[in-house]
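The structure appears below as structure tokens.
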Amino acid sequence: MADVTSREIMDATGIADVTTLIRWHGKEGLIPPPDVRTHPNGRGKMAYWPEWVLERCLRIKQLRKEGKSLAEIRQLLGNNWQQAAREHQRRYVFSQVSHRMDVRAAHSNLQQAVEQILASWIKERRAALTRSSVQTVTIEAMQRAIELMEQGINPVLIVTVDTVFVTADFAVSLQLASFDSIETAFMVIPIWRELSAYSASIAKLPERPAVQAIPRVKAAVGAGTQERLVCVMSSWDFEMEAPKVRRNSKKD
Numbered sequence: 001m002a003d004v005t006s007r008e009i010m011d012a013t014g015i016a017d018v019t020t021l022i023r024w025h026g027k028e029g030l031i032p033p034p035d036v037r038t039h040p041n042g043r044g045k046m047a048y049w050p051e052w053v054l055e056r057c058l059r060i061k062q063l064r065k066e067g068k069s070l071a072e073i074r075q076l077l078g079n080n081w082q083q084a085a086r087e088h089q090r091r092y093v094f095s096q097v098s099h100r101m102d103v104r105a106a107h108s109n110l111q112q113a114v115e116q117i118l119a120s121w122i123k124e125r126r127a128a129l130t131r132s133s134v135q136t137v138t139i140e141a142m143q144r145a146i147e148l149m150e151q152g153i154n155p156v157l158i159v160t161v162d163t164v165f166v167t168a169d170f171a172v173s174l175q176l177a178s179f180d181s182i183e184t185a186f187m188v189i190p191i192w193r194e195l196s197a198y199s200a201s202i203a204k205l206p207e208r209p210a211v212q213a214i215p216r217v218k219a220a221v222g223a224g225t226q227e228r229l230v231c232v233m234s235s236w237d238f239e240m241e242a243p244k245v246r247r248n249s250k251k252d
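When we follow UniProt numbering, the leftmost residue of the sequence shown carries the number 1, and every step to the right adds one.
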């Protein structure tokens with residue numbers, strides 16, 4: 001299993017500030033300390049965690065959304081890092097061949113569904129709005145989506161100008177708040193139905209997604225504000241109020 005960086009964890013969970021991860025492993029003891037290595041570009045340092053820590057961070061965010069305190073979460077999840085790593089490994093080792101087949105089947109189904117959605121989306125909003133390609137919906141992304149489903153979390157696909165990635169449905173509103181560049185469109189695609197062939201074997205599958213992004217959000221850009229279109233491909237029934245950003249006044 002590959003390690004993940006602090007940036008990858010933040011992107012997937014909607015955590016806006018790296019100090020949150022520092023507090024979680026330092027003061028709160030919710031995640032293990034990272035392995036700090038030299039940045040790939042040779043300058044500075046980069047924090048790496050085992051892949052299971054990303055799932056744990058998503059779980060922490062979900063429990064916080066449910067109203068649990070950090071102390072309650074620490075007691076619920078425990079802090080035996082070796083045991084957590086073994087449990088993460090055990091879930092997939094026992095049926096690797098079958099699991100790989102399921103992942104590839106889910107990937108194939110999703111690839112076709114997303115290709116149709118993106119083709120329609122790009123046609124309606126002009127190709128210039130996005131450079132994203134369905135080719136970025138990788139096997140690894142499907143693996144992560146299925147891992148989320150096995151924990152009782154609904155996965156969603158987020159399409160931005162640069163990439164396509166998987167996150168949890170309850171992190172969508174956090175994702176909107178964390179994106180500070182809004183010069184292009186942003187699409188959220190719930191994918192739990194596309195994974196239904198695999199999900200039939202999962203006992204702890206949620207009944208429906210928990211949240212929905214609003215269709216438009218505003219963010220500060222320079223001295224003013226801009227509006228970003230958010231296209232949600234579903235019929236969820238949650239509304240999130242966009243933060244109010246006022247135009248800065250100029251004084252002579």
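Ideal placement from N, C-alpha and C gives every residue a C-beta, glycine not left out.
Note that this is a predicted model, so its numbers are computed, not measured.
Can you give me the C-alpha to C-alpha distance between alanine 168 and methionine 142, rounded to a whole angstrom? Numbered from 1 along the sequence shown, position 168 holds the residue referred to as residue 168. Numbered from 1 along the sequence shown, position 142 holds the residue referred to as residue 142. If you take the alpha carbons of alanine 168 and methionine 142, they lie about 13 Å apart.
List the endpoints of the continuous beta strand (DSSP E) containing isoleucine 158. Indexing the sequence shown from 1 puts residue 158 at position 158. Isoleucine 158 -> beta strand (DSSP E) spans 155–159.
Under 8 Å: do the region 74–87 and the region 28–35 share three or more Cβ pairs, one atom per stretch? yes
What are the boundary residues of the beta strand (DSSP E) that includes threonine 38? Taking the first residue of the sequence shown as position 1, residue 38 is located at position 38. Unbroken beta strand (DSSP E) run through threonine 38: 35–38.
Considering only C-alpha positions, which residue in the set Trp52, Arg86, Gln112 is nearest to glutamate 147? If you number the sequence shown from 1, residue 147 lands on position 147. Of Trp52, Arg86, Gln112, the residue nearest in Cα terms is Trp52.
Does the contact criterion of 3 or more C-beta pairs under 8 Å hold for the region 61–72 versus the region 31–44? no
Glutamate 140 classed as buried or exposed, judged by whether at least 16 other C-beta atoms fall within 10 angstroms: Start at 1 with the first residue of the sequence shown, and residue 140 comes out as number 140. Exposed is the call here.
Beta-carbon separation (whole angstroms), isoleucine 189 vs valine 159, contact threshold 8 Å: Counting from one through the sequence shown, the residue named residue 189 turns up at place 189. Counting from one through the sequence shown, the residue named residue 159 turns up at place 159. Their Cβ separation, rounded to whole angstroms, is 7 Å, which keeps isoleucine 189 and valine 159 in contact under 8 Å.
Ignore the nearest five residues each way along the sequence and tell me which others in histidine 25's own chain have a CB closer than 8 Å to its CB. Here residue 25 is taken as the residue at index 25 of the sequence shown, counted from 1. Once the five neighbours on either side are set aside, the close Cβ partners of histidine 25 are Ile31, Pro32, Pro33, Pro34.
Reduced DSSP secondary structure (H/G/I, E/B, other) of alanine 71: Counting from 1 along the sequence shown, the entry for residue 71 is found at position 71. Correct three-state label for alanine 71: helix.
Can you tell me which of the three DSSP states isoleucine 189 falls into? Along the sequence shown, one-based indexing puts residue 189 at 189. Strand, per DSSP.
Straight-line gap, methionine 187 to leucine 157 (C-alpha atoms, nearest Å): Taking the first residue of the sequence shown as 1, we reach residue 187 at position 187. Taking the first residue of the sequence shown as 1, we reach residue 157 at position 157. Roughly 8 Å between the two C-alpha positions.
Counting along the chain, where does the beta strand (DSSP E) carrying alanine 168 start and finish? The residue labelled residue 168 in the question sits at position 168 within the sequence shown. Counting along the chain, the beta strand (DSSP E) containing alanine 168 begins and ends at 164–168.
For lysine 45, three-class secondary structure by DSSP: For this step, residue 45 is matched to residue 45 along the sequence shown. DSSP places lysine 45 in strand when its eight states are reduced to three.
Check the DSSP bridge columns for threonine 19 and list the partner residues they point to. Along the sequence shown, read from residue 1 onward, the residue named residue 19 stands at position 19. Answer is none; threonine 19 lacks a bridge partner.
Out of Val164, Pro50, Val18, Ser69, point me to the one whose CA is closest to lysine 85's CA. For the purposes of this step, residue 85 is taken as the residue at position 85 of the sequence shown. The residue asked about is misnamed: residue 85 is alanine in this sequence, not lysine. Per the Cα distances, Pro50.
Any non-hydrogen atom of the ligand NAD closer than 6 Å to isoleucine 139 Cβ: The ligand NAD is not among the ligands present in this structure, which contains no ligands whatsoever.
Using the Cα positions of leucine 70 and cysteine 57, report the straight-line distance between them to the nearest angstrom. Walking along the sequence shown from the start, residue 70 turns up at place 70. Walking along the sequence shown from the start, residue 57 turns up at place 57. Cα to Cα, leucine 70 sits roughly 12 Å from cysteine 57.
How is threonine 13 classed by DSSP in three states: helix, strand or coil? Against the sequence shown, residue 13 aligns to sequence position 13. If DSSP states are grouped into helix, strand and coil, threonine 13 belongs with the helices.
Just to confirm, is the Cβ distance from methionine 46 to threonine 5 under 7 Å? Taking the first residue of the sequence shown as 1, we reach residue 46 at position 46. Taking the first residue of the sequence shown as 1, we reach residue 5 at position 5. Cβ atoms of methionine 46 and threonine 5: closer than 7 Å.
From Gln112, Leu54, Met149, pick the residue whose C-alpha is nearest to that of aspartate 11; which is it? As a working mapping, residue 11 is identified with position 11 in the sequence shown. When only C-alpha atoms are compared, the closest one is Leu54.
Integer-rounded CB distance, given that aspartate 3 should sit under 8 Å from tyrosine 48: Here the question's residue 48 lines up with position 48 in the sequence shown. Here the question's residue 3 lines up with position 3 in the sequence shown. 4 Å between Cβ atoms; contact.
Which residue marks the beginning of the alpha helix (DSSP H) containing alanine 141, and which one marks its end? The residue you call residue 141 lines up with position 141 of the sequence shown. Run containing alanine 141: 139–150, per the alpha helix (DSSP H) assignment.
Boundaries (first-last residue) of the alpha helix (DSSP H) holding isoleucine 60: For the purposes of this step, residue 60 is taken as the residue at position 60 of the sequence shown. It spans 51–65 - the alpha helix (DSSP H) in which isoleucine 60 sits, taken as one unbroken run.
Quick one: what's got a C-beta closer than 7 Å to arginine 74's C-beta in the same chain, skipping five residues either side? If you number the sequence shown from 1, residue 74 lands on position 74. For arginine 74, where only same-chain residues beyond five positions count, the Cβ hits under 7 Å are Glu28, Gly29, Leu30.
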